Structure formats: C-alpha cells, structure tokens
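J.: If you read the sequence shown in my numbering, its first letter stands for residue 122, the second for the next number, and so on. Positions of the beta carbon are idealized from the N, C-alpha and C atoms, including for glycine. Treat the numbers as computed from the prediction; the structure is a model and nothing was measured.
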Amino acid sequence: MKPVIGITRNRRPADYEQAIRAAGGEFRILDWEHTSARAAIESVDGLMLTGGGDVHPEHYGRTMSPQIELAEPGRDEFEIALSREALQRDLPILAICRGLQVLNVAAGGTLLQHVPDAVGGGIAHSIDNPKNAIAHAINVKTGSTLARVLGPRVDGVEACAVNSRHHQAVDAVAPGFTVSATAPDGIVEAIERADRRFCVGVEWHPENFWATGEFAGLFEAFVRACSTRL
122 MKPVIGITRN
132 RRPADYEQAI
142 RAAGGEFRIL
152 DWEHTSARAA
162 IESVDGLMLT
172 GGGDVHPEHY
182 GRTMSPQIEL
192 AEPGRDEFEI
202 ALSREALQRD
212 LPILAICRGL
222 QVLNVAAGGT
232 LLQHVPDAVG
242 GGIAHSIDNP
252 KNAIAHAINV
262 KTGSTLARVL
272 GPRVDGVEAC
282 AVNSRHHQAV
292 DAVAPGFTVS
302 ATAPDGIVEA
312 IERADRRFCV
322 GVEWHPENFW
332 ATGEFAGLFE
342 AFVRACSTRL
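#1: Grouping DSSP H, G and I as helix and E and B as strand, with all else coil, what is D306?
#2: Could you spell out where the beta strand (DSSP E) holding I150 opens and where it closes?
#3: Would you say A143 and A337 are within 8 Å of each other, going by their C-beta atoms?
#4: Sorted by chain position, which residues of the same chain lie with C-beta nearer than 6 Å to A227's C-beta, five sequence neighbours on each side aside?
#5: If contacts are defined as beta-carbon pairs under 8 Å, then T266 and V321 qualify, I think. What distance do you get, rounded to the angstrom?
#6: Does the Cβ-Cβ distance between G88 and T156 come in under 8 Å?
#7: Going along the chain, which residues of its own chain have a beta-carbon closer than 6 Å to the beta-carbon of G146, five neighbours each way excluded?
#8: Rounded to a whole number of angstroms, what is the C-alpha to C-alpha distance between V236 and G243?
#9: Considering only residues of the same chain and omitting the five flanking positions on each side of A302, which have a CB-CB separation below 7 Å?
#10: With a threshold of 7 Å on Cβ separation, who are the neighbours of A282 within its own chain once the five nearest residues in sequence on each side are excluded?
#11: Can you give me the Cβ contacts of P178 inside the same chain, cut-off strictly under 8 Å, excluding the 5 residues immediately before and after it?
#12: What residue from A216, L212 and D152 has the CA that sits closest to P194's CA?
#13: What do you reckon, are the CB atoms on A290 and E324 nearer than 8 Å?
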C-alpha cells in the first residue's frame, strides 16, 4: 500500500498533491476545522506542512510587526500541535515555506518577522509570478540530509538554484535542529533534525517543480521514509 501523507490545508493545494503522487504516495488534507491534531496524526504515515500566511508572533514571544499577514484563525495552533505530535512520534515531516517556520516555532525556535528589515533587499526572497521562477541560489551544507536527497540538483560547490516567495524566515533555530542551507545574505533556507527518520524544512517551494522534477529527490526520499512504519 502507498503511504498516506497528511497535507495541511492551504489555498494552493494542487502542486503539493501532485508532488506527493509523483513521488509514489497518497495524500489526505488535514483541516483544523474538522479534526484534532492528535486524530489527524494518527490517520497518516507522514506530515507535510505547507505554505500560507504568517505565524502569529505570540507563539514565539514577540510583538507583532506591521508587516505581518496572519494565517487563517486556528491554523497556527493546529499546525504547531501537529508538528509537536509528529516530532514526538518520529513521524516523517517535510515542511515547506510557512511550514518550515511553523516547525521551527513548534520546536522552540523564533522567526524574523520581515526579512528586508533584517538583511535589506539585496536578495529577492519574494517572487510570486511565475511561481517556479528562479529567485536566487542557496548554499547547501555538505553531508546534510538535504544535500543527500537533492543529489545532482546540488552542484560541485554545494549550491542550488531555488524559487522563493517568503518575507519571514528562521531567526533562532529550534533546539535539536541544524541549518542545512542558507541564502547568500545569510537567511536560513533549510533546517533538519538528524535524530528523526526524516525531518526537513525548506523555505522555497519545491512542489512547484513537480512536473519537471528538479526537486523530485526530496519528495521521493520523504515518501520512502513514510513507507517505513515503526
């Protein structure tokens, strides 16, 4: 049987769904309005945390910046609880954009509320049209899970070109996690946790490339991890 991946509800679901199918999995949409985090986690073999609005800074002890655009009411609480349940159970996790931010906050980290305020505007971190337009390169840490699963997508100098549409990013990295990729301006582009079966968060949107396969290795490695039941 194909593993069932829980995909958090969002406004642009199609590419996440297609990326999971292309990698050999099935999916179930996890909706905070219809299920509890515990029940949702018990019904799936892996968790994909998706993109969307900003995490409320109350969840990481900060005062809200004027640039914040909050996610739908109830979404933060649901996804933070999902993340904690999945980490506790060692359920495979792939977190994308907002999802990375949720995962970091759920595990005890903090966020930069507006990237241009932190590093200026030298690197374009928010390019929305077309959705798979290359924004910048990232530097991938040698020996990381991310480097391994991206394989030939990472060139000989450990660089990889990505799309990008975010204005928030990781500030303090959550305990137990390590940074596995950064942008040239120092913004964290990926985190992971080595003591879990699969736990990787990326700041770009690899799902937008599902049809052309540039990041197929990331999704295939995630689905393989979900196929191995404890």
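T.: In short, the structure shows the following:
#1: Against the sequence shown, residue 306 aligns to sequence position 185. Residue state, collapsed to three classes: coil.
#2: Sequence index remark: in the sequence shown, residue 150 carries index 29 (1-based). Counting along the chain, the beta strand (DSSP E) containing I150 begins and ends at E147 to L151.
#3: Mapped onto the sequence shown, residue 143 falls at position 22. Mapped onto the sequence shown, residue 337 falls at position 216. Going by C-beta atoms, A143 is nearer than 8 Å to A337.
#4: Indexing the sequence shown from 1 puts residue 227 at position 106. The residues are I201, S204 and R205.
#5: Numbered from its first residue, the sequence shown carries residue 266 at position 145. Numbered from its first residue, the sequence shown carries residue 321 at position 200. Going by Cβ atoms, the distance from T266 to V321 rounds to 6 Å, so yes, they are a contact pair.
#6: The structure shown does not extend to residue 88, since the chain spans only 122 to 351, so no value can be given for it.
#7: Locating residue 146 in the sequence shown gives position 25, where the first residue counts as 1. If we look at G146 and ignore the five residues flanking it on each side, its Cβ neighbours are K123, P124, I126 and V344.
#8: Taking the sequence shown and counting its residues from 1, one reaches residue 236 at position 115. Taking the sequence shown and counting its residues from 1, one reaches residue 243 at position 122. Each residue's alpha carbon lies about 11 Å from the other.
#9: In the sequence shown, residue 302 corresponds to position 181, counting from 1. Within the same chain, A302 has close Cβ partners I259, N260, V261, K262, L267, E310 and A311.
#10: Indexing the sequence shown from 1 puts residue 282 at position 161. Here the set comprises I255 and A258.
#11: What you label residue 178 is simply residue 57 of the sequence shown in a count that begins at 1. Excluding sequence neighbours, P178 sits near T184, M185, S186, I189, L232 and Q234.
#12: Residue mapping note: residue 194 aligns to position 73 of the sequence shown, counting from 1. Nearest of A216, L212 and D152 to P194, Cα basis: D152.
#13: The count along the sequence shown starts at 1 and reaches residue 290 at position 169. The count along the sequence shown starts at 1 and reaches residue 324 at position 203. Yes; because the gap between Cβ atoms is below 8 Å, this pair is in contact.
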